[in-house]
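Undergrad: For the sequence shown, my numbering begins at 1 and goes up steadily by one. So that we are looking at the same thing, I have put the structure below in structure tokens.
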Amino acid sequence: MSILVTGGAGFIGSNLVDRLLETSQVTVLDNFSSGKRDHIAHVIGHPRFALVEADLFDAGTLENVMAGKDFVFHLAANPDVKLGAEDTKIHLQQNILATYSLLEAMRKTGVGKIAFTSTSTVYGEANLVPTPENYGPLKPISLYGASKLACEALISSYCHTFDMQSWIFRFANIVGQRGTHGVLVDFINKLKKNPKELEILGSGQQRKSYLEVGDCVAAMVYAVEHSSDQTNIFNIGSDDAVDVTEIADIVAESMGLAGVKYRYTGGFNGRGWRGDVKIMQLSIDALVGLGWIPGHNSRESIKTAVDALLKDVFESKPQNES
Ligand code: NAD
């Protein structure tokens, strides 16, 4: 099988590439806007691996790369939820229009199977928690969530109009090795600068579900192998949730710090930022019903991820902390 992974130099993408390379030919297309060369350095030279440094808006290159592929995992996106409140165009361009560009390349080259990384934020502030895939109406509260919902709609409509097949994955918060953004990276970086005090965005009571990246990658592959509708939609997460203050406790303890003073920003009615969903836990019954079992709950996912991130920080070259 020959697979294209967009965004394969990113956090989740590079972990997915490791898994796919066990059995398949893998081509990564990435513009390195947030992806890192270090994330894929260990697979350069692998006989089944190829890297194309390009942007999804480069239609000519995209069509050349696409030709002959059996399957596309589409992860390339701007994943920063906070940004939408400052720049209203970024998710429209980098998520919706980039996905349109990808779908057009697939249509023109006759590549018919796509897996897409969507998000829990498409549900907005669901009044049913854990939230199942058939919850509605979907009312995202961030421009990021809106952009991912629009991508889901585009993908579904391409499938039905052009006889394609899709797997849409709505992720909880994914954490783990090679993470470059999100609450764990934020806390680790802040505590490295000042081990005595930690700024926590919001009230600290935002309660969400977390999943370790290895489990996430395994779930995606499992879902593709065990479902065959024209459009298959699965939540991917763990079966519990933790609040932000508990996360701060785990990070501080893992860094060997005691007595850290927490300073809560209060934020927007307890949210960390505009568009921050305060309570999120996904029902994972659909995928569990097919036989998938998450290897870690939220707390274990966070602990495993923090240990891996601290190892990344202290054992690798200095990293860009932005
Ligand atoms: P990431 O920023 O590490 O990865 C995104 C990758 O896409 C990067 O390597 C970046 O360079 C590349 N990219 C972006 N725009 C591109 C373009 N126009 N052309 C080519 N490459 C481009 O983010 P991540 O956390 O690994 O997220 C991967 C996917 O999962 C994203 O679609 C994100 O929205 C989704 N997701 C992530 C989480 C999470 O918790 N990390 C949760 C829900 C959904």
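Note that beta-carbon positions come from the ideal geometry of N, C-alpha and C, so glycine has one too.
Judging by CA-CA distance, which residue of 288, 85, 185 and 253 is the nearest neighbour of residue 234?
TA: The residue with the shortest Cα to Cα distance from residue 234 is 288.
Undergrad: Run through the DSSP bridge pairs and tell me what residue 169 is partnered with.
TA: Residue 169 pairs with 117 and 234.
Undergrad: Is it buried or exposed, residue 220, if we count other Cβ atoms within 10 angstroms and call 16 or more buried?
TA: Answer is buried; the Cβ neighbour count reaches 16.
Undergrad: In chain order, what are the residue ranges of uninterrupted alpha helix (DSSP H) at least 4 long that sit wholly in the region 190-238?
TA: Segments of the alpha helix (DSSP H) lying fully in the region 190-238: 213-226.
Undergrad: Kindly examine the ligand NAD and report whether one of its heavy atoms sits closer than 8 Å to the Cβ of residue 230.
TA: No; taking the cut-off as 8 Å, the Cβ of residue 230 has no heavy atom of the ligand NAD nearer than that.
Undergrad: Under a three-way DSSP split, which group does residue 123 fall into?
TA: Residue 123 falls in the helix class under three-state DSSP.
Undergrad: Please report how far the alpha carbon of residue 301 lies from the alpha carbon of residue 60, in whole angstroms.
TA: Approximately 40 Å between the Cα atoms of the pair.
Undergrad: Any contact between the region 197-213 and the region 166-178? By contact I mean 3 or more CB pairs, one from each, below 8 Å.
TA: Touching, per the Cβ criterion.
Undergrad: Is it buried or exposed for residue 160, if we count other Cβ within 10 angstroms and need 16 for buried?
TA: The residue is exposed, with fewer than 16 neighbouring Cβ atoms inside 10 Å.
Undergrad: For the alpha helix (DSSP H) that residue 251 lies in, which residues bound it at each end?
TA: Per DSSP, residue 251 belongs to the alpha helix (DSSP H) from 244-254.
Undergrad: Among 201, 166 and 42, which has the Cα closest to the Cα of residue 183?
TA: Residue 201 is the option with its Cα nearest to residue 183.
Undergrad: Per the contact definition of three or more C-beta pairs closer than 8 Å, is the region 271-288 in contact with the region 128-146?
TA: Taking 8 Å as the limit for Cβ pairs, the verdict is that the region 271-288 does touch the region 128-146.
Undergrad: For the ligand NAD, is there a heavy atom less than 8 Å away from the beta-carbon of residue 8?
TA: Yes, since a heavy atom of the ligand NAD falls inside the 8 Å radius drawn around the Cβ of residue 8.
Undergrad: Could you check the C-alpha separation between residue 267 and residue 138 for me, to the nearest Å?
TA: Rounded to the nearest angstrom, the two C-alpha atoms are 24 Å apart.
Undergrad: In three-state DSSP terms, what is residue 271?
TA: Residue state, collapsed to three classes: strand.
Undergrad: Would you report the Cα separation of residue 120 and residue 282, rounded to the nearest angstrom?
TA: If I take the Cα positions, the gap works out to 7 Å.
Undergrad: Let's see if you can read the secondary structure: which residues bound the beta strand (DSSP E) around residue 293?
TA: Unbroken run through residue 293: none, as it is neither H nor E.
Undergrad: Measuring only from the beta carbon, is residue 124 closer than 8 Å to any heavy atom that is part of the ligand NAD?
TA: Not under cutoff, so the answer is no.
Undergrad: Is it a yes or a no for the region 40-49 touching the region 15-25, going by three-plus beta-carbon pairs under 8 Å?
TA: A contact exists between the region 40-49 and the region 15-25.
Undergrad: On the three-state DSSP scale, how would you describe residue 164?
TA: Three-state result, residue 164: coil.
Undergrad: Please go through the same chain and pick out, in chain order, the residues whose beta-carbon is closer than 8 Å to the beta-carbon of residue 62, but skip the five residues on each side of it.
TA: Only 29, 54, 56, 101, 102 and 105 meet the Cβ criterion.
Undergrad: What does the alpha-carbon distance come out to for the pair residue 290 and residue 264?
TA: Distance between the alpha carbons of residue 290 and residue 264 is about 41 Å.
Undergrad: Over what stretch of residues does the beta strand (DSSP E) that includes residue 49 continue unbroken?
TA: Residue 49 -> beta strand (DSSP E) spans 49-53.
Undergrad: Taking 8 Å as the line, does the beta carbon of residue 79 fall inside it for any heavy atom of the ligand NAD?
TA: Yes, the Cβ of residue 79 comes within 8 Å of a heavy atom of the ligand NAD.
Undergrad: If you scan the region 10-81 from start to end, which runs of the beta strand (DSSP E) of 3 or more residues do you find wholly inside it?
TA: Counting whole runs of 3 or more residues, the region 10-81 contains the beta strand (DSSP E) stretches 25-30, 49-53 and 71-74.
Undergrad: Answer with buried or exposed for residue 40, where buried requires no fewer than 16 other C-beta atoms within 10 angstroms of its C-beta.
TA: The residue in question, residue 40, is buried, as its Cβ has 16 or more Cβ neighbours within 10 Å.
Undergrad: Taking 8 Å as the cut-off, is the C-beta of residue 114 nearer than that to any heavy atom in the ligand NAD?
TA: No, since every heavy atom of the ligand NAD falls outside the 8 Å radius drawn around the Cβ of residue 114.
Undergrad: Does the count of Cβ pairs from the region 245-256 and the region 178-197 closer than 8 Å reach three?
TA: Flag = yes, the region 245-256 and the region 178-197 touch.
Undergrad: Contact between the region 62-74 and the region 6-15 is defined here as three or more beta-carbon pairs at a separation below 8 Å; is this criterion met?
TA: With the cut-off at 8 Å, the region 62-74 and the region 6-15 touch.
Undergrad: Less than 9 Å between the C-beta atoms of residue 116 and residue 44, yes or no?
TA: No, the pair does not count as a contact, with Cβ atoms beyond the cut-off.
Undergrad: When the Cα atoms are used, what is the spatial distance from residue 249 to residue 241?
TA: When rounded, the distance between both Cα atoms is 15 Å.
Undergrad: What is the DSSP secondary structure of residue 280, counted as helix, strand or coil?
TA: Note: residue 280 maps to strand in three-state DSSP.
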